[in-house]
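Protein chains in written order, with the numbering used here: chain A, 43 to 507; chain B, 43 to 507.
Number of protein chains: 2
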Amino acid sequence: MLKTAGCVLCFLSFLLEPCFAQTLNATHESIARKLLEQGLTQPESYTMLSELCVNAPHRLSGYEDAQRAVQLTKKMMTDRGFVNVHLEKIMVPRWVRGKEEAYIVPAPSLKQKQSMRVQKLSVCALGGSIATPESGIDAEVVEVKTLDEARALGSRGKGKIVFFNRAFDPTKLNAFAAYGGAVDQRSRGAIVAAQVGAVAVLVRSMTGRPDDVPHTGAMNYVDTVKKIPAAAVSIEGAELLSASLARGQARVRLTLTCKTLPDVESANVVGEIAGSEKPNEIIVVGGHLDCWDKGQGAHDDGAGCMQAIEVVNLIKKIGIRPKRTIRAVMFMNEENGNRGGRGYPVAAERKGEKHVAALESDRGGFTPRGFTVAGDSSVQKKVLEWKPYFDLLDASRIEPGYGGVDIAPLLDTGVPGFGLYVDSHRYFDYHHSDNDTIDKVNPRELELGAIVEAMICYLISEEGL
Amino acid sequence: MLKTAGCVLCFLSFLLEPCFAQTLNATHESIARKLLEQGLTQPESYTMLSELCVNAPHRLSGYEDAQRAVQLTKKMMTDRGFVNVHLEKIMVPRWVRGKEEAYIVPAPSLKQKQSMRVQKLSVCALGGSIATPESGIDAEVVEVKTLDEARALGSRGKGKIVFFNRAFDPTKLNAFAAYGGAVDQRSRGAIVAAQVGAVAVLVRSMTGRPDDVPHTGAMNYVDTVKKIPAAAVSIEGAELLSASLARGQARVRLTLTCKTLPDVESANVVGEIAGSEKPNEIIVVGGHLDCWDKGQGAHDDGAGCMQAIEVVNLIKKIGIRPKRTIRAVMFMNEENGNRGGRGYPVAAERKGEKHVAALESDRGGFTPRGFTVAGDSSVQKKVLEWKPYFDLLDASRIEPGYGGVDIAPLLDTGVPGFGLYVDSHRYFDYHHSDNDTIDKVNPRELELGAIVEAMICYLISEEGL
Chain A
43 MLKTAGCVLC FLSFLLEPCF AQTLNATHES IARKLLEQGL TQPESYTMLS
93 ELCVNAPHRL SGYEDAQRAV QLTKKMMTDR GFVNVHLEKI MVPRWVRGKE
143 EAYIVPAPSL KQKQSMRVQK LSVCALGGSI ATPESGIDAE VVEVKTLDEA
193 RALGSRGKGK IVFFNRAFDP TKLNAFAAYG GAVDQRSRGA IVAAQVGAVA
243 VLVRSMTGRP DDVPHTGAMN YVDTVKKIPA AAVSIEGAEL LSASLARGQA
293 RVRLTLTCKT LPDVESANVV GEIAGSEKPN EIIVVGGHLD CWDKGQGAHD
343 DGAGCMQAIE VVNLIKKIGI RPKRTIRAVM FMNEENGNRG GRGYPVAAER
393 KGEKHVAALE SDRGGFTPRG FTVAGDSSVQ KKVLEWKPYF DLLDASRIEP
443 GYGGVDIAPL LDTGVPGFGL YVDSHRYFDY HHSDNDTIDK VNPRELELGA
493 IVEAMICYLI SEEGL
Chain B
43 MLKTAGCVLC FLSFLLEPCF AQTLNATHES IARKLLEQGL TQPESYTMLS
93 ELCVNAPHRL SGYEDAQRAV QLTKKMMTDR GFVNVHLEKI MVPRWVRGKE
143 EAYIVPAPSL KQKQSMRVQK LSVCALGGSI ATPESGIDAE VVEVKTLDEA
193 RALGSRGKGK IVFFNRAFDP TKLNAFAAYG GAVDQRSRGA IVAAQVGAVA
243 VLVRSMTGRP DDVPHTGAMN YVDTVKKIPA AAVSIEGAEL LSASLARGQA
293 RVRLTLTCKT LPDVESANVV GEIAGSEKPN EIIVVGGHLD CWDKGQGAHD
343 DGAGCMQAIE VVNLIKKIGI RPKRTIRAVM FMNEENGNRG GRGYPVAAER
393 KGEKHVAALE SDRGGFTPRG FTVAGDSSVQ KKVLEWKPYF DLLDASRIEP
443 GYGGVDIAPL LDTGVPGFGL YVDSHRYFDY HHSDNDTIDK VNPRELELGA
493 IVEAMICYLI SEEGL
């Protein structure tokens, strides 16, 4: 019975998409194998990433390390024989962190109780936050789980520090779904809290793994609402604060000295291998060169940048002369403005260029599983035909989905996009924190991502989309 | 053209196996979702693994920690309400490590050259090795890449330390294939070297990641060939030694005090949830409780053991009363004898029991990708029909393949077997070394493995094979 039904379904589904292994193009298959062999026997992505992480760990836009990273990646491309290596200037915001401290202090009524001593909280300013007064803010804390709960505080929010404490949903298999379900607290918490008269916000770090390391990230203000300081608190700190509140009222003393300085000049870094038949048709492969000023931005997104350079490098090393130009782009300022991503499509350099596709790796340098495709049905169909080549690379999960923040403005002009899809379970253990260091990156996992991206670039270059 | 060919192929392939998503059984689907929710919201595998790693890190057969691990896991099962919790006694070998030291010492002709100072090598005795004389062995070193090269040494091997230095093949996508391609040096190197008169062997550690940590593992002797001492050398040590040899002759002074003591009593640890309809039909899910006396045996194979306990625990917690009995087994002595695996099928306790399947997790507590199936074509076909449930768990790569060392003797009696298949890139970074500690385990990856195993057990319990 099932078999009969299956037969009809199978026949029908065939009309929509292939449901069986197709005959491989021998050339394409040999390229997949060559990329694998070259990448795994003489990988360069991890060595480059180590160099970036050690020499320019705090690559937040406008920081010295960001400028150092621009020069370093330009040199990496030049040293590897890329052509058209150049900087594309953009202006970037410059927010600097400064000092950050928080303590749980008992409410006056509880000061005599021994159990309510002053306790330090591990916090860090959220990116873009204003400072507290120099002497800090000392205020009662009120805990909420959602923006709606914060709104519902009404006048009870006045003068308080609103503490957003909604955890990642652990049942989300994809860690990005858990992040997506929690990040509104960080991105919009300060706006909503200010609307009910709060004086600051503390936000539970955007991670599912309990430790005492706070995770920073971008937060937003709007012109119509008073700006209040915002900091992330570690998971252990959040649990401690929540337990203190459960035992009675608790105050927090929060001091932040972060500030926003005038915009400064920075750049996207570009280099490529020129197409042999259609040099003006460009395939962009990129990541973002900036990162938060915590850890070393190893996974986010040094990994994606070094993979982009390695894509062009691998293609050169195995002797492919691609039909179309394959271009590595280090986008600047993804974390707090996306000026690089927005500037790229409208740069003077774009004259006469036609972009046929853009790839991004910004989900960490973990084992690649496949990629998400942002494009119309004809693009989706075309890419699915390539699945067998990605079976060879053990990364053939191909699904419609997001490309990435950096390439989003380019995709908005109608260019198809690709986001490298990786094993996601570890990403938010490290993301935007002191945990995001080179020792958390496995060299093979990183290189395999570059190999998968190189194969996508090669196929697009040869066959178009 | 391709479409027409595809149509025929598709139609034919349909007769062999389903090539499309089938209708899900609503109950089975809901169980998959419940296991996911229970496991990810209230995971116990990582907490249990931490307890095991901290309290009984060096669980080599016959060591005190192994006995402690037996009692600890018995208690874990009892505390969680398992039934028929008991120990099944076996005798195990008792090899103990002792002191291990090696130095590169310059050959007499080079002693005056400053570049050839005495240099320490990071080594560890291979499991089962005999000791060197108390004063150590001081001998010239000859480097080979293969057993054949060692054989070809002939009389040039006499009195030498043979240094097996063949690296993992980095082009193998599956790390187990790289291991399989190199491990003959460790397992049989001492036999082959002794046949050409060598006095000891040094073996490049079985890992692809360069660091200074040696990786131990089992080695073999045969009665007809003289026993000589055998040690693993770290990758950095191997590179150093090879470079020293390239600059001229080099000697190594090796001291090992390991020894084999008389067999002692130990046990497999067993506990279960009884089947409601066919209690005498058993599904075994296991791992091996012993590990090498390096690190904490976190991935190898504390992970597999704790996952096995968590399987039964999850099934109990979501309120399933399975038709068949699901039994967790902690096998003792996989690493150097497999007495537990061999003892299990022939134990007195097996009277009246019928085993319908056996599962093992012994590839590390990494992200599960699916499982390998050891069974005839009807078993393979049946299991493939369950693929949609494993799609829900993002672990639906189902392939014919190996079950595991512990369950192999049971499988030899005709029982179908399953080996949890995981992302393998990191495993040999840690395997059999001081690197294999609890901090290398990601709690979600570990728990997901237990969830996948629980789903297999549930389906077998309900539907048989």
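Where a beta carbon is used, it is the ideal one built from N, C-alpha and C, also for glycine.
- When secondary structure is reduced to three states using DSSP, TYR386 of chain A falls in the helix class.
- In this structure ALA108 of chain B does not touch LEU94 of chain B by the C-beta definition: roughly 11 Å separates them, more than the 8 Å allowed.
- Non-local C-beta neighbours of VAL398 of chain B in its own chain, meaning closer than 8 Å and more than five positions away in sequence, comprise GLU323, ILE324, ILE325, ARG366, VAL457, PRO458, ILE502, GLY506, LEU507, ordered along the chain.
- It is roughly 49 Å from the alpha-carbon of VAL388 of chain A to the alpha-carbon of GLU71 of chain B.
- Any Cβ of chain A closer than 8 Å to the Cβ of HIS341 of chain B would place that residue at the interface, and such an atom is absent.
- Within the DSSP secondary-structure output, LEU163 of chain A pairs in a beta bridge with A:ALA144.
- Our two residues, ASP190 of chain A and ARG228 of chain A, have alpha carbons roughly 14 Å apart in a direct line.
- The alpha carbon of LEU282 of chain B has as its nearest neighbour, out of B:ALA144, B:PRO135, B:ASN126, the alpha carbon of B:ALA144.
- In the three-state reduction of the DSSP assignment, GLY317 of chain A falls in the coil class, being assigned neither a helical nor a strand state.
- Taking 8 Å as the upper bound for CB-CB distance, VAL275 of chain B and LEU244 of chain B are in contact here, some 5 Å apart.
- Taking C-beta atoms under 8 Å as the contact rule, ASP121 of chain A and VAL147 of chain A fail to qualify, at a distance of about 54 Å.
- DSSP lists A:LEU303 as the beta-bridge partner residues of ARG136 of chain A.
- In this chain, the beta strand (DSSP E) harbouring TYR463 of chain A covers 459-464.
- Taking the CA atoms as reference points, GLY382 of chain A sits about 14 Å from GLU402 of chain A.
- Contact with chain A is absent for ARG159 of chain B, since none of that chain's Cβ atoms lies less than 8 Å from the residue's Cβ.
- Chain A has no Cβ within less than 8 Å of the Cβ of ARG405 of chain B.
- In terms of beta-carbon proximity, HIS467 of chain B lines the interface with chain A, with at least one pair separated by less than 8 Å.
- By the 16-neighbour rule on beta-carbons within 10 angstroms, ASP454 of chain A is exposed.
- Unbroken alpha helix (DSSP H) stretches of 4 residues or longer found wholly inside the stretch 92-132 of chain B: 106-121, given in chain order.
- Counted as a single uninterrupted DSSP element, the beta strand (DSSP E) harbouring ALA181 of chain B occupies residues 179-186.
- Under the three-state reduction of DSSP, VAL234 of chain B is assigned to helix.
- Residue burial annotation: GLU185 of chain B is buried, with at least 16 other C-beta atoms found within 10 angstroms of its C-beta.
- The Cβ atoms of SER308 of chain B and VAL134 of chain B sit closer than 8 Å to each other.
- For LYS359 of chain A, the enclosing alpha helix (DSSP H) begins and ends at 345-359.
- When rounded, the separation of the alpha-carbon atoms in ALA232 of chain B and ARG439 of chain B is 38 Å.
- Listed in chain order, the non-local C-beta contacts of LEU114 of chain A below 8 Å within the same chain comprise GLU93, LEU94, ASN97, ALA98, local neighbours out to five positions each way being set aside.
- Put simply, the stretch 339-358 of chain A does not touch the stretch 418-435 of chain A. Fewer than three CB pairs are less than 8 Å apart.
- In the structure shown, PRO252 of chain B adopts coil according to DSSP, grouped into three states.
- By the neighbour-count definition (other C-beta atoms within 10 Å, threshold 16), ARG486 of chain A is a buried residue.
- In the DSSP secondary-structure assignment, SER308 of chain B is bridged to B:ILE132.
- By the C-beta criterion, the stretch 196-209 of chain B is judged not to be in contact with the stretch 158-169 of chain B, since fewer than 3 inter-stretch pairs fall below 8 Å.
- Assigned with DSSP and collapsed to three states, PHE210 of chain B falls in coil, not helix or strand.
- Counting C-beta atoms within 10 angstroms of its own C-beta, ALA236 of chain A has 16 or more neighbours from the protein chains shown and is therefore classed as buried.
- In this structure VAL353 of chain A is in contact with ALA370 of chain A, their Cβ atoms being roughly 7 Å apart against a cut-off of 8 Å.
- With a contact defined as Cβ atoms closer than 8 Å, THR299 of chain A and GLY140 of chain A qualify at about 3 Å.
- For LEU507 of chain B, the nearest beta carbon of chain A is not closer than 8 Å to its own beta carbon.
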